[in-house]
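**Q** If you count the sequence shown from 1, you need to add 1031 to reach our numbering. Here it is, the structure, as structure tokens.
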Amino acid sequence: AYFPMNLIHSPLINPPGLKELAESNYPKDLGKDERKAGHMVTYMDGIIGRMLARLEELGVRDNTLVMFTGDNGTGGNLTSQLGDFHLRGGKRTMNEAGTRVPFIAHWPTHIPAGKRTQFFTLMDVLPTMASIASISLEHKVDGMDLSHNFYGLPGKDRDFFHMAFEGDCYFVRTDRFRLHEDGRFYEVPVTSNEARYSMDVTTEVDQHANVRAFLQNKLDEYMSIKQTDTSYAIVPFGTGGDAFKNEQQRRGNNH
């Protein structure tokens, strides 16, 4: 089952319930938009809770793998609070706040509780689920089977991952470094949330030359991939909704 919610996407609204519960968790200095977003998160949690309760009623919760994730960071008009740290949303950006999202896998009788530090991307969902279900993939896929991480077992992990946005922004990332298509080379600080999200430390060209060369090779390979499905348009970064609307209108006129 695949269940994509519009929550907590824009427009920001007050859902029809759980407002008192949501407000009981608000810090005193929470803004108006953030209060709506918090209400939407609470309502989303309630929906997920109902789904889990139904699995319990059906007697299948212990043998059902539930995965929760998102596709990008929070909108730039919102500020989240991670403890004492205030994080400005990074949606539509190619930084940590825009590209790093939660991923939760819950399977009571199979997955030990605890955090994992290894990379996992949405490309990895298909091969990982296929492996868990003992389904053989008949063709090559971009993702990796990372199911061993669910079980807390050793196995081959993802050394790096690629990221692209709207056809003209790219980077490749390891656990410590990030190289962009325009040559920006960052060391990603991970000592704290504040360091991770509030600072991108630019690394000099002559530093970590071997790592940079490795990343450049992977980035060149990735950027050389050409679009094969021409039924949709790649929207250039920064043009946003207007270009998309124009393309949709053009397609509508053609049909």
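We treat Cβ as the ideally placed atom computed from N, Cα and C, and that holds for glycine. Small disclaimer: the values here were computed from a predicted structure and weren't measured.
Report the partner residues of histidine 1211 according to the DSSP bridge assignment.
**A** Phe1202, per the DSSP bridge assignment.
**Q** Look up glutamine 1247 in the DSSP assignment and say whether it is helix, strand or coil.
**A** Correct three-state label for glutamine 1247: helix.
**Q** Helix, strand or coil for isoleucine 1135? Go by DSSP, reduced to three states.
**A** Three-state result, isoleucine 1135: strand.
**Q** Can you name, in chain order, every residue of its own chain whose Cβ lies under 7 Å from the Cβ of glutamate 1225, other than the five neighbours on each side?
**A** Hits under 7 Å: Phe1116.
**Q** Excluding the five sequence neighbours on either side, which residues of its own chain have a C-beta within less than 6 Å of the C-beta of glycine 1183, listed in chain order?
**A** Excluding positions up to five away in sequence, the list reads Pro1143.
**Q** Serine 1041 to aspartate 1237, Cα distance in whole Å?
**A** Roughly 43 Å separates the two Cα atoms.
**Q** Work out the CA separation of alanine 1136 and leucine 1038 for me, nearest whole Å.
**A** For leucine 1038 and alanine 1136, the distance between alpha carbons rounds to 19 Å.
**Q** Tell me where the alpha helix (DSSP H) around threonine 1130 begins and ends.
**A** 1127 to 1130 is the span of the alpha helix (DSSP H), which, as asked, contains threonine 1130.
**Q** Just the C-alpha distance for threonine 1100 and alanine 1161, rounded to the nearest angstrom, thanks.
**A** Roughly 18 Å separates the two Cα atoms.
**Q** Going along the chain, which residues of its own chain have a beta-carbon closer than 6 Å to the beta-carbon of histidine 1193, five neighbours each way excluded?
**A** Closer than 6 Å at Cβ, skipping near neighbours: Val1203, Tyr1253.
**Q** Considering only their Cβ atoms, is the gap separating glycine 1129 from glycine 1104 smaller than 8 Å?
**A** Cβ atoms of glycine 1104 and glycine 1129: closer than 8 Å.
**Q** Let me know the secondary structure DSSP gives phenylalanine 1099 once reduced to three states.
**A** In the structure shown, phenylalanine 1099 sits in a strand (DSSP, three-state: E or B).
**Q** Can the beta-carbon of leucine 1177 be found less than 8 Å from the beta-carbon of aspartate 1190?
**A** Against a cut-off of 8 Å, the Cβ pair of aspartate 1190 and leucine 1177 comes out as no contact.
**Q** Between the alpha carbons of glycine 1114 and glutamate 1065, how many angstroms are there, rounded?
**A** Their Cα atoms are separated by approximately 15 Å.
**Q** Could you spell out the range, first to last residue, of the alpha helix (DSSP H) harbouring histidine 1179?
**A** Element bounds for histidine 1179: 1178 to 1182.
**Q** Can you name, in chain order, every residue of its own chain whose Cβ lies under 8 Å from the Cβ of isoleucine 1163, other than the five neighbours on each side?
**A** These residues qualify, in order along the chain: Leu1096, Ser1178, Phe1181.
**Q** If we call anything under 8 Å between Cβ atoms a contact, is phenylalanine 1196 one with phenylalanine 1208?
**A** No. Outside cutoff.
**Q** Which residues bound the alpha helix (DSSP H) around alanine 1226?
**A** Unbroken alpha helix (DSSP H) run through alanine 1226: 1224 to 1229.
**Q** Curious, which full-length alpha helix (DSSP H) runs of at least 4 residues does the region 1036 to 1118 contain?
**A** DSSP runs (the alpha helix (DSSP H)) wholly in the region 1036 to 1118: 1050 to 1054, 1063 to 1088.
**Q** Using the three-state DSSP reduction, which class does alanine 1195 fall into: helix, strand or coil?
**A** If DSSP states are grouped into helix, strand and coil, alanine 1195 belongs with the strands.
**Q** Within this structure, are the beta carbons of threonine 1110 and glycine 1069 separated by less than 8 Å?
**A** Going by C-beta atoms, threonine 1110 is not nearer than 8 Å to glycine 1069.
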